[in-house]
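Q: Below is a structure I'd like to ask you about.
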Amino acid sequence: MKQSRVINVLFLLPCVFSFVMIIIVPFFFGLYYSMTDWNGISNVVTFAGFKNFRNLFSSADFLYSFLITIAYTGINIVFVNIVSFGLSLIVTSKVKRRNFYRAGFFVPYLIGGIVLGYIWQFILNNILVSIGMNMSISFLQTSFLSLPHTVIWTMAAVNTWQYAGYIMLIYVASIQSIPSSLMEAANVDGASYSTRVFKILIPMMANAFTISLFLTLTTSFKQFDMNLTLTNGGPATRFLDMPVKASQLLAMNIFNTATANRMAEAQAKAVVLFVVLLIVSLIQVSVNKRKEVEM
Amino acid sequence: MKKTRFYTAVLALVFVFVTGFAFAAGSAEETGDVTVNMFQLKVEIKDALDTYAAEYSENAEGVTVKVETLGGGGDYGGAMKAKAQAGQMPDIFMIEGQGGYDIWKDYVADLSDQPWVDDTDLSFIVDGKVVGFPVAIEGYGLAYNAEILRKAGIDPASLTTRAAYEKALKTLDAKKAELGIDAPVAMAASVAGGMWWVAGQHNLAAYWGGGLDFNDTSVIEMALNGKLDQDRFRQYAQYLQLLFKYADQNILLNGSYDDQVGSFAQGRTAFLHQGNWVDPNLKQLGVTFEIGYAPHAFLDTEQKGLYLFAPSWYIVNAQSKNAQAAKDFLTSIATTPEGHAYMVNEAGMIPAFKSVTLKPSGQLSQALMDANARGGNYGVFFGMLPDGAGQNIFGPIFDLFAQNQDNLDQFIADMNRAVANLK
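Just so you know, the protein sequences line up as chains A and B, in that order.
Take the first sequence: its letter number 24 is residue 24 in this note's numbering, and every next letter is one higher.
Take the second sequence: its letter number 20 is residue 1020 in this note's numbering, and every next letter is one higher.
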């Protein structure tokens, strides 16, 4: 079997090659450019040290985007996981047509974020408002997307609608892998449904929670497509006495900086996003791992 | 056996690599004829331009013009950067002002010797050298529905001061039910609806250029040095406040382009804050009523002009070996009858060239062409601002003012600080 090592390397080579060229090399280029004054095109690139990073923490729009992204991520983790865990309990119970529900809950995930953003924008801005107008329901007459204090919650709700079905599948798979003897034994011993869920199901599913929390955390932190089409960052609000965009998440802040031809500054923001995401997700995974049980 | 398998694997991998490289090399192959690659961002004229380029290619010996279009919601600037990095710079591309020029100046060809230069006032000129071919004239004022104004007893010709506007808007507001309108003005200012540019770019341009000579950039230069003319700006802010207060609030705070234009087209608003580019939309929506342009008269003194500008310019890539063929193509648009017909009849644009005698069909375009002939119009200078200023800096400020319309002083303070940071 010795000589197959050469084959292994050869088969890995295309993958490693493209991974290095597409991820690793640009990553280090990005690190370098974040410390320059590059505008995206110019051949003159001057090294600027940590100036871009220092400026970030005095710019109100970036700080606001940072905080609102954390808030959005927090809301999302709670919403998505509670809803999807609930759904997974429903579709693994003995309810009729559960396969139909399983498919139905999953379908929103198959709609692209861009399309979904436009659909929900229409529902929230036009349909709900006109229902509010015609039925004289005052709180529906202004769109939830036009108020700075409701927009983040609305975005999280839309994201939950899309993403819960996907996370549900992970929970479903995990529930199905739990030996039914455990649940039956508990049943015979007279444990109520909620006791069975909290004392058996949830502890046995700890690894599913690790992966689901990780996925919701990272995708919320990097949220962009739905943000762009649903709210475009609006409406405006006031933060540190400066006008900022109330729903401009970090990824969109980076995008808007880059399209204004401030590439180096955008790159610095992207580096900050990367580092924060890395730290937060490492903490999350290690905390969750401790709760997992070996079968 | 194992040896054979090993060699097969190696061969397969080598095959994959070689074919990959061969294909990559093949795409760069040369043909005898010259192909002029044009990359443009006006999606609304895509079909007209494609047709014109195809006709031109048929008639011109050995030249093929290929047009690629990316615009609307597409990221033209990003795509251009990608093309530049990939060594596939187009032969003709577009800039939208000084910001674009600064980025691409290494690629900009001198067009001063071209035959169309003397035929237009709107070329892009840097240090006395003509470098940009004006794609069209665009412009705006406050479009009005003549029928509604007539019913309300308002003479559009009287709308030349802020006081006159205030009176007219009050009248319209009082007669809303009688006239069957939701609100007097269709105005949009929201970041959420992607309409920050109506307020933060086009309306603000009234402050930069309104009431001044066509080429007078003193007010915006002062802003680029970090200062606002306080008295002038207060008058402007009061005018903006007026438009906001009498606007349909849902459209103002959250509406999209379609919401805004649709409301005017259905006669649910009397005024529309948009430029002549809405002509095709109005036609599509079956508008039959008479439309005209009133000036954005924000000063205490009289203002009668509309705002005219070339929104974008074609640039010939100086580093391309097809530069001459590219110049010839642009010249054909500006100087031949076919080129004129393409601009006016097919693309529905207002040409920036004085020798063109054809008339556009849209009512707003005609109003602009008349205004252009009459003279006394104002320049539009937001292109001189740094990239992203409208979207990232002014957009949120205007959006916030639209949400808190009574807070005039806060708006003025925000704008003062934003302008101070431009320096």
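Idealized CB from N, CA, C, for every residue including glycine.
Using the rule of at least 16 other Cβ atoms within 10 Å of the residue's Cβ for burial, across every protein chain shown, is B:P1115 buried or exposed?
A: As a working mapping, residue 1115 of chain B is identified with position 115 in the second sequence. By the 10 Å Cβ count, B:P1115 comes out exposed.
Q: Please return the same chain residues whose Cβ sits closer than 6 Å to the Cβ of A:D61, not counting the five positions on each side in sequence.
A: Sequence index remark: in the first sequence, residue 61 of chain A carries index 61 (1-based). V244.
Q: Which chain B residues are close to A:S143, counting only those with a beta carbon under 7 Å from its beta carbon?
A: Here residue 143 of chain A refers to the residue found at position 143 when the first sequence is read from its first residue. Ordered by position in chain B, the residues that pass the 7 Å Cβ test against A:S143 are N1254.
Q: Is there a Cβ of chain A sitting closer than 8 Å to that of B:D1182, yes or no?
A: Numbered from its first residue, the second sequence carries residue 1182 of chain B at position 182. B:D1182 does not count as touching chain A.
Q: Kindly identify the DSSP beta-bridge partner or partners of B:L1142.
A: Here residue 1142 of chain B corresponds to residue number 142 of the second sequence, with the count starting at 1. DSSP, once it has assigned bridges, lists B:A1294 as partnering B:L1142.
Q: With distances taken from CA atoms, which of B:D1213, B:A1192, B:I1251 and B:Y1107 is nearest A:S130?
A: One-based indexing of the first sequence puts residue 130 of chain A at position 130. Measuring from the Cα of A:S130, the nearest candidate turns out to be B:I1251.
Q: Grab me the residues of B:I1148's own chain with a C-beta within less than 6 Å of its C-beta, minus the 5 sequence neighbours each way, in chain order.
A: As a working mapping, residue 1148 of chain B is identified with position 148 in the second sequence. If we look at B:I1148 and ignore the five residues flanking it on each side, its Cβ neighbours are L1179 and A1270.
Q: Please report the residue range of the beta strand (DSSP E) in which B:A1186 lies.
A: Residue 1186 of chain B sits at position 186 when you count from the first residue of the second sequence. A1183 to A1186 is the extent of the beta strand (DSSP E) around B:A1186.
Q: Between B:V1191 and chain D, is the shortest Cβ-Cβ distance under 8 Å, so that the two count as touching?
A: The structure shown has no chain D; the protein chains it does contain are A and B.
Q: Helix, strand or coil for B:N1494? Go by DSSP, reduced to three states.
A: As shown, chain B starts at 1001 and ends at 1423. That puts residue 1494 of chain B outside it, with no answer to give.
Q: To be precise: take each residue of the region 1380-1397 of chain B, compare its Cβ to all Cβ atoms of chain A, and keep it if any distance is under 7 Å. Which residues remain?
A: Under the 7 Å Cβ criterion, the region 1380-1397 of chain B contributes D1387, G1388, Q1391, N1392, P1396 and I1397.
Q: Could you check the C-alpha separation between B:V1130 and B:N1215 for me, to the nearest Å?
A: What you label residue 1130 of chain B is simply residue 130 of the second sequence in a count that begins at 1. What you label residue 1215 of chain B is simply residue 215 of the second sequence in a count that begins at 1. For B:V1130 and B:N1215, the distance between alpha carbons rounds to 16 Å.
Q: Count the C-beta pairs between the region 216-233 of chain A and the region 1191-1199 of chain B that are closer than 8 Å, then say yes if the count reaches three, no if not.
A: These segments touch.
Q: For B:M1080 and B:Q1324, what's the separation of their Cα atoms in angstroms?
A: Taking the second sequence and counting its residues from 1, one reaches residue 1080 of chain B at position 80. Taking the second sequence and counting its residues from 1, one reaches residue 1324 of chain B at position 324. Taking the straight line joining both Cα atoms gives about 21 Å.
Q: Would you list the residues sitting across from B:L1272 in a DSSP beta bridge?
A: The residue you call residue 1272 of chain B lines up with position 272 of the second sequence. Note: B:L1272 sits in a beta bridge opposite B:A1143 and B:A1186.
Q: Please identify the residue among B:F1394, B:T1051 and B:L1172 whose C-alpha is closest to the C-alpha of B:R1268.
A: Here the question's residue 1268 of chain B lines up with position 268 in the second sequence. Cα-wise, what sits closest to B:R1268 is B:L1172.
Q: In whole angstroms, what separates the C-alpha of A:F28 from that of A:K199?
A: The residue given as residue 28 of chain A occupies position 28 in the first sequence. The residue given as residue 199 of chain A occupies position 199 in the first sequence. C-alpha separation (whole angstroms): 47 Å.
Q: For my contact list, B:V1043 and B:T1069 are in at a C-beta cut-off of 8 Å; report their separation, rounded to the angstrom.
A: Taking the first residue of the second sequence as position 1, residue 1043 of chain B is located at position 43. Taking the first residue of the second sequence as position 1, residue 1069 of chain B is located at position 69. Sure, about 6 Å apart at Cβ, within 8 Å.
Q: If you reduce the DSSP assignment to three classes, tell me which class A:T160 lands in.
A: Stepping through the first sequence from its first residue, residue 160 of chain A is reached at position 160. Helix.
Q: So what does DSSP say about B:F1021, is it helix, strand or coil?
A: As a first step, residue 1021 of chain B must be located in the second sequence, where it is residue number 21. Here B:F1021 scores only 48 on pLDDT, less than 50, and its place in the model is too uncertain to base an answer on.
Q: For B:V1034, is the beta carbon positioned less than 7 Å from some heavy atom of the ligand GDP?
A: This structure lacks the ligand GDP, and indeed carries no ligand of any kind.
Q: If you count every other CB in all the chains shown that lies within 10 Å of the CB of A:P179, and 16 or more means buried, which is it?
A: Taking the first residue of the first sequence as 1, we reach residue 179 of chain A at position 179. Label assigned to A:P179: exposed.
Q: Start and end of the alpha helix (DSSP H) containing A:I131?
A: Counting from one through the first sequence, the residue named residue 131 of chain A turns up at place 131. Taken as a continuous stretch (DSSP letters only), the alpha helix (DSSP H) holding A:I131 covers L128 to M135.
Q: Can you tell me whether B:E1068 is helix, strand or coil according to DSSP?
A: For this step, residue 1068 of chain B is matched to residue 68 along the second sequence. Strand, per DSSP.
Q: Would you tell me roughly how many angstroms separate the C-alpha atoms of B:Q1260 and A:L128, rounded to the nearest one?
A: As a working note, residue 1260 of chain B is residue 260 in the second sequence. As a working note, residue 128 of chain A is residue 128 in the first sequence. Roughly 18 Å separates the two Cα atoms.
Q: Between the beta-carbon of B:V1067 and the beta-carbon of B:S1057, is there less than 8 Å?
A: If you number the second sequence from 1, residue 1067 of chain B lands on position 67. If you number the second sequence from 1, residue 1057 of chain B lands on position 57. No, Cβ-Cβ distance for B:V1067 and B:S1057 is not below 8 Å.
Q: Measure the alpha-carbon distance for A:T224 versus A:Q121 and round it to whole angstroms.
A: What you label residue 224 of chain A is simply residue 224 of the first sequence in a count that begins at 1. What you label residue 121 of chain A is simply residue 121 of the first sequence in a count that begins at 1. Correcting the residue type first, residue 224 of chain A is Phe in the shown sequence and not Thr. Answer to the nearest angstrom: the Cα atoms are 15 Å apart.
Q: Listing by chain order, which chain B residues have their CB less than 7 Å from the CB of A:G190?
A: Numbered from its first residue, the first sequence carries residue 190 of chain A at position 190. Those do not exist, as A:G190 stays about 55 Å from chain B at its closest Cβ, beyond 7 Å.
Q: Please classify B:P1184: is it buried, with 16 or more other beta-carbons within 10 angstroms of its beta-carbon, or exposed?
A: Locating residue 1184 of chain B in the second sequence gives position 184, counting from the first residue. B:P1184 comes out buried.
Q: Determine the closest residue to B:K1321 out of B:M1089, B:Q1085, B:G1074 and B:A1367, with distance taken between C-alpha atoms.
A: On the second sequence, position 321 is the one that residue 1321 of chain B refers to. Minimum Cα distance to B:K1321 is reached at B:M1089.
Q: Going by Cα to Cα distance, which pick from A:N187, A:T160, A:V287 and A:M204 is closest to A:I82?
A: Numbered from 1 along the first sequence, position 82 holds the residue referred to as residue 82 of chain A. Nearest of A:N187, A:T160, A:V287 and A:M204 to A:I82, Cα basis: A:T160.
Q: Counting only runs that start and end within the region 1283-1356 of chain B, where is the beta strand (DSSP E) found for 3 or more residues in a row?
A: List check, beta strand (DSSP E) in window: 1291-1294, 1307-1309 and 1313-1316.
Q: Apart from the five residues just before and just after B:L1198, which ones in its own chain have a Cβ nearer than 8 Å to its Cβ?
A: In the second sequence, residue 1198 of chain B corresponds to position 198, counting from 1. A small fix is needed here, since residue 1198 of chain B is Val in this sequence, not Leu. Closer than 8 Å at the Cβ level, and outside the excluded window around B:V1198, lie M1187, A1188, A1189, Q1260, H1273 and Q1274.
Q: Which residues in chain A have a C-beta closer than 8 Å to the C-beta of B:A1084? List them in chain order.
A: On the second sequence, position 84 is the one that residue 1084 of chain B refers to. Those within 8 Å of B:A1084 in chain A are I41.
Q: In chain B, which residues lie less than 8 Å from A:S286 when you measure between Cβ atoms?
A: Residue numbering aside, residue 286 of chain A sits at position 286 when the first sequence is read from its first letter. Within 8 Å Cβ-Cβ: nothing; A:S286 doesn't reach chain B, min ~38 Å.
Q: Hey, out of A:R98, A:L67, A:G190 and A:T36, whose CA is closest to A:L307's CA?
A: Residue 307 of chain A lies beyond the range of chain A shown here (1 to 295); nothing can be said about it.
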